[in-house]
Amino acid sequence: MLIVLACVLWPLGGLSAWATYEIGDTGRYVAAVAPLAAGPDVRGAVTDTVTDGIMREVRVGSLEGEVRAYVRRAVRSFTGTEAFRAAWSTANRTAHDAVLRALRSGRDGAVTLDLAPVTEQLRTRLTDDRVPLADRIPVAHTEITVLDARELTTLRKGFHMLEFAGFWLPVAAVALAFGGILLAVRRRRAVTATALGMALGAALLALATVVGRRLTLAGLPPHVSRAAAGAVYDALTATLLTAAWFILALGLTVAAATWLTEWRARRRAASAGPSPAPAPERTRARA
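When we follow the working numbering, the leftmost residue of the sequence shown carries the number 26, and every step to the right adds one.
Laid out in structure tokens, this is it:
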């Protein structure tokens with residue numbers, strides 16, 4: 026029973042620990058999404074968004090097609106610079122900090138993000154690169170809603186539960202597994218069962234991650250780039266998937282090694298054969 030509970034708690038504990046220490050940590054989150062700034066999916070989505078924003082601010086009449094193509098090439102070139110990667114990391118860090126502060130504090134209200142600093146940095150860089158019409162990009166203090174006030178209360182409760190479960194569920198799973206093995210009559214079989222249970226939990230966790238990706242992309246609004254969203258999802262879940270595949274391989278290896286040692290022990294015992302029975306002692310006949 027202890028081993029069964031350990032195998033049930035392990036995938037839940039792994040998911041909670043990943044959400045707490047990977048997604049809930051700003052430094053790790055930014056480090057996970059930072060390489061996406063050099064990826065084609067994010068660069069393409071940013072290029073389309075910035076190009077559309079610039080073209081909405083200008084009126085060029087019949088030359089719109091030529092101007093749009095030129096602006097798009099210039100913006101695409103900008104997304105390959107170090108300045109763009111710095112702006113990408115700054116925007117993600119600012120948004121993540123705002124969400125975490127709202128979840129960990131008791132204040133109510135929506136979580137908003139001011140895009141003016143990022144927009145100013147982008148306009149300065151595009152102007153320096155002589156991108157046409159870049160100086161006409163508006164830098165108003167535009168606040169976007171990152172988290173609605175109604176969603177904040179529900180997410181805050183779940184976040185506090187994740188912070189608690191992210192530490193104690195893995196500890197409980199390990200303690201129950203060791204307890205089950207130590208109390209088992211046949212410890213080798215207990216180790217094999219524990220390893221197989223851990224491997225099964227890891228496989229289910231990896232499957233849930235893959236299914237979650239499909240459901241997440243299927244629920245996106247039409248205007249959101251699915252390629253860029255998929256790249257972000259893959260970057261955030263890379264550590265979780267790596268840990269799941271590692272535990273799967275480790276569990277199967279331990280189970281196979283334990284079964285092999287037990288099989289060899291049984292084979293050696295069978296080849297030795299039963300020990301011969303002792304000869305009966307001779308007794309002297311009495312008259």
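We put the CB at the ideal spot given by N, CA and C, even for glycine.
Consider the C-beta atom of residue i and the heavy atoms of the ligand ADP; say whether any pair is separated by less than 7 Å.
i             : result
histidine 248 : Here there are no bound small molecules, and the ligand ADP is not part of this structure.
Could you tell me the distance, in whole angstroms, from the CA atom of residue i to the CA atom of residue j?
i                 : j              : result
leucine 265       : threonine 51   : 17 Å
glutamate 287     : glycine 237    : 39 Å
alanine 94        : cysteine 32    : 56 Å
glycine 255       : leucine 187    : 24 Å
serine 87         : valine 100     : 21 Å
threonine 46      : aspartate 259  : For the sequence presented, residue 46 should be read as tyrosine rather than threonine. So the two alpha carbons sit approximately 17 Å from each other.
phenylalanine 184 : arginine 211   : 41 Å
valine 257        : leucine 240    : 14 Å
tryptophan 43     : alanine 231    : 13 Å
isoleucine 206    : leucine 30     : 13 Å
valine 96         : proline 247    : 24 Å
arginine 292      : glycine 244    : 57 Å
threonine 73      : valine 249     : The sequence given here has aspartate at residue 73, not threonine. So the alpha carbons of these two residues sit roughly 11 Å apart.
methionine 26     : alanine 290    : 27 Å
arginine 53       : tryptophan 270 : 20 Å
alanine 123       : threonine 178  : 15 Å
leucine 208       : alanine 253    : 50 Å
lysine 182        : histidine 121  : 18 Å
alanine 70        : glutamate 89   : 20 Å
alanine 116       : arginine 98    : 23 Å
arginine 251      : glycine 64     : 14 Å
glycine 222       : serine 130     : 39 Å
threonine 242     : glycine 226    : As written in the sequence, residue 242 is leucine, which differs from the threonine given in the question. So the two alpha carbons sit approximately 24 Å from each other.
arginine 148      : valine 75      : 10 Å
leucine 285       : threonine 106  : 56 Å
Cβ atoms of residue j and residue i: under 8 Å apart, would you say?
i                 : j             : result
alanine 228       : leucine 34    : no
proline 195       : glycine 49    : no
isoleucine 28     : alanine 202   : yes
phenylalanine 103 : aspartate 154 : yes
alanine 280       : threonine 217 : yes
valine 55         : arginine 118  : yes
threonine 267     : threonine 234 : no
Report all residues from its chain with a CB closer than 6 Å to the CB of residue i; omit the five preceding and five following residues, and keep chain order.
i             : result
aspartate 160 : Thr152
arginine 213  : Thr283, Glu287
alanine 224   : Leu273, Gly276, Leu277
serine 41     : Leu187, Ala190, Gly191, Leu194
arginine 126  : none
leucine 37    : Leu194
alanine 312   : In this predicted model, alanine 312 has a pLDDT of only 37, less than 50, meaning its place in the structure is not dependable; the value taken from the coordinates is given anyway. Nothing listed; no residue qualifies.
Report all residues from its chain with a CB closer than 8 Å to the CB of residue i; omit the five preceding and five following residues, and keep chain order.
i           : result
alanine 108 : Gln146, Arg150
proline 60  : Ala260
alanine 62  : Arg68, Thr104, Phe109, Arg110, Trp113, Ser114
alanine 57  : Glu47, Ala260, Leu261, Ala263, Thr264
Leaving out the 5 sequence neighbours to the left and right, which residues in its chain are closer than 7 Å to residue i when beta-carbon positions are compared?
i           : result
glycine 204 : Leu27
alanine 215 : Ile28, Gly205, Ile206, Ala209
Check whether the segment 107-120 touches the segment 73-91, taking contact to mean three or more Cβ pairs, one atom from each stretch, closer than 8 Å. no
Please give me, in chain order, every unbroken run of the beta strand (DSSP E) with length at least 3 that falls completely inside the segment 74-107. none
Please give the ranges of any beta strand (DSSP E) in the segment 168-254, keeping only runs that are unbroken, at least 3 residues long and fully inside the region. 168-172
Could you pull out every unbroken beta strand (DSSP E) segment of at least 3 residues lying fully inside the segment 34-77, listed in chain order? Within the segment 34-77, no complete beta strand (DSSP E) run reaches 3 residues.
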